[in-house]
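Its first residue numbered 1084, the sequence shown is counted upward by one per residue in our numbering. Read the structure below first, then the notes.
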Amino acid sequence: MNDRLRLTVLGTGRLGITHAACMASLGFDVLGVDTDARKVGQLNAGHLPIYEPGLRDLLRAGLDSGRLTFTTSYPQAAAFGDVHFICAGTPAQPGSDHADLSQVHGCVAALAPLLDRPCLVAGKSTVPVGTARRLAAELAGACEGVELAWNPEFLREGSAIADTLAPDRIVAGVTSRRAEGILRQVYAGPIAGGTPFFATGLETAELAKVAANAFLATKISFINAMAEVCEAAGGNVRVLSEILGADPRIGSGFLRPGLGFGGGCLPKDIRAFMARAADLEAGEALGFLREVDAINLRRRARAANLASELAGGDLAGVPICVLGAAFKPGSDDVRDSPALDVAQILYGMGARVTVYDPAALANARRACPELGYAATMAKAAQDAYVVLLLTEWPEFAGLRPGDLASMVARRNIVDGRNVLDPALWRAAGWNYGALGMAMTPPPASRSAVRRSTTGRGHGGSG
Ligand SMILES: NC(=O)c1ccc[n+]([C@@H]2O[C@H](COP(=O)([O-])OP(=O)(O)OC[C@H]3O[C@@H](n4cnc5c(N)ncnc54)[C@H](O)[C@@H]3O)[C@@H](O)[C@H]2O)c1
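Below you can see the structure in the form of structure tokens.
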């Protein structure tokens, strides 16, 4: 194997494009491989098919340097690569919670028969525990010196480049010192920058990813469960979240009450984790994740009901403005987006829904053609009876009551992400509703908010 490793990236979706461009920026020669010829053509022409901050420039820099190219050819990939990173998708199987591993198996099936020299195949896709061991067996007959490792990816859409170049941790599931050494060589830059490197067995590496996702989902649903109780009891969940987050054993991250989690990873990953645990007869251990999922989905229905309450109880024919379609800010990904889900629930309740999002309009239109879309926030808000803020893009989080007042027909707002200042909006004559807060907060919780001076989390007013 060369001193200067040559890398392939099998599957150039959201993970694969980022990994390929970042590795090229670190000085590696990288070949991205995808079965989608159109995507490969776009990427070779410098067109990024997704929105991810900074990624288009990094892609173009890689192409210009000559270190980054894309192909559909597996023979070319087999001849090129010392390390082959599997970055193919692992969506849910239709009608099941189990992960569909056909893309990952497709990569190995296409590559294995073509390998004729030692190399490392390193999986980055999120897979059910036990997958890597099966793939290692499939590769065992390939060629002397071909090995499998599992190197799960923790990047977050919206900060994918920074998360790749300076990750919190690198996990290398390996079965030999040689495989560990190769991955240490690939990640020499981040390791030198202080990123901890964990060498583990294959199973622990696979579990590291799904366990992290399960924990994060649990934390989000925990605070949203508290939001439900606050709504019933007249508590203020924003203040509660600040108080909880001040305890260093708990921490304030992922403790923002609101519409909950979505996207192409967390929901399908926790469901696939439960399904795999059941296969292993350890389903009971993850029973709590079913509740985590249910709490999360309940928030979507609650947001729609809040809009209906503000509109007077009947949404038939009522114009509604939805701000946000992406599952989170900084991304155009609408896979299992809470915002779009709420928009669809409102549409199902008879509302005339108009959606605006700064990056995800095209994807949203493809996914939900029945909804209305506007090219600007002002157009979406025109004549609306209720405005719902459902994705916390900075331009939405920074909204002031006056920005929309002259456009809407009625001053009703649902703050689905708990990012606006309720006192400000109420003082400007808006009916303000948020998940986890009573419509009119009782005096006790108002004074509790006034005492909050930390400025962390949500600004602490209400
Ligand atoms: N998107 C994220 O932020 C993120 C973060 C961490 C981990 N992950 C995990 O990474 C994996 C990929 O996620 P994604 O969001 O990039 O998916 P994606 O659907 O955007 O991309 C998958 C790509 O693989 C290609 N592909 C399918 N079969 C192939 C084959 N046999 N050979 C070559 N290419 C093939 C598809 O054409 C597509 O371009 C998933 O397991 C996901 O859970 C994703």
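We treat Cβ as the ideally placed atom computed from N, Cα and C, and that holds for glycine.
Residue i CB to nearest heavy atom of ligand 1 below 6 Å
| i | result |
| --- | --- |
| E1240 | yes |
| S1156 | no |
Residue i versus the options, residue with shortest Cα-Cα distance
| i | options | result |
| --- | --- | --- |
| F1344 | Q1268, G1272, L1369 and N1307 | N1307 |
| S1410 | C1348, A1390, A1386 and L1398 | A small fix is needed here, since residue 1410 is Phe in this sequence, not Ser. Comparing Cα positions, the closest option is C1348. |
| L1299 | D1376, E1314 and L1444 | D1376 |
| L1126 | G1096, S1108 and A1517 | G1096 |
| Y1208 | A1144, L1423, L1290 and L1429 | In the sequence as displayed, the identity of residue 1208 is Ser instead of Tyr. Checking every option, the nearest Cα to that of S1208 belongs to L1290. |
| R1509 | L1518, D1352, D1424 and G1485 | G1485 |
| I1253 | E1227, F1280 and A1275 | F1280 |
| V1322 | N1446, A1295, R1339 and I1333 | R1339 |
| A1219 | C1190, R1381, G1481 and L1429 | C1190 |
| C1404 | A1426, P1421 and S1414 | A1426 |
| A1310 | G1431, P1441 and N1501 | N1501 |
| V1116 | S1108, G1110, L1109 and H1102 | H1102 |
| I1428 | R1383, L1507, Q1268 and D1251 | R1383 |
| Y1270 | I1378, N1379 and F1111 | F1111 |
| A1262 | S1242, V1212, G1284 and L1203 | L1203 |
| D1251 | R1267, V1257 and P1273 | P1273 |
| D1415 | A1107, A1255, A1104 and L1131 | L1131 |
Secondary structure of residue i, DSSP reduced to three states
| i | result |
| --- | --- |
| T1118 | coil |
| F1561 | Residue 1561 lies beyond the range of the chain shown here (1084 to 1545); nothing can be said about it. |
| V1212 | coil |
| P1524 | Low confidence applies here, because P1524 scores a pLDDT of 40, under 50, leaving its location unreliable and the question unanswered by this model. |
| D1440 | coil |
| L1342 | coil |
| W1508 | helix |
| D1362 | helix |
| R1089 | strand |
| H1102 | helix |
| P1402 | strand |
| F1153 | strand |
| D1376 | helix |
| R1435 | strand |
| G1096 | coil |
| A1232 | strand |
| N1184 | The amino acid at residue 1184 is misidentified as Asn; the sequence shows Leu. Note: L1184 maps to coil in three-state DSSP. |
| C1348 | coil |
| G1272 | helix |
| A1517 | strand |
| Y1456 | strand |
| V1502 | coil |
| A1409 | coil |
| D1424 | helix |
| C1226 | coil |
| T1474 | coil |
| A1329 | coil |
| G1370 | helix |
| G1189 | helix |
| C1451 | coil |
| V1204 | strand |
| D1246 | helix |
> Closer than 6 Å from C-beta to any heavy atom of ligand 1: which residues, in chain order?
Replying inline: L1093, G1094, T1095, G1096, R1097, L1098, G1099, V1116, D1117, T1118, D1119, K1122, C1170, A1171, G1172, T1173, Q1186, G1189, C1190, A1193, S1208, T1209, E1236, L1238, E1240, G1347 and C1348
> With a cut-off of 8 Å, do at least 3 Cβ pairs link the stretch 1387–1400 to the stretch 1322–1338?
Replying inline: no
>> Under 8 Å: do the stretch 1460–1479 and the stretch 1373–1392 share three or more Cβ pairs, one atom per stretch?
In response: yes
>> Would the stretch 1119–1133 count as touching the stretch 1197–1211 if we require 3 or more Cβ pairs under 8 Å?
In response: no
>> Whether or not the stretch 1144–1164 and the stretch 1452–1461 are in contact is what I'm after, with contact meaning three or more pairs of Cβ atoms, one per stretch, closer than 8 Å; do they touch?
In response: no
>> With three or more C-beta pairs closer than 8 Å as the rule, is the stretch 1220–1227 touching the stretch 1152–1172?
In response: no
> Taking three-plus beta-carbon pairs below 8 Å as touching, is the stretch 1170–1180 in contact with the stretch 1351–1360?
Replying inline: yes
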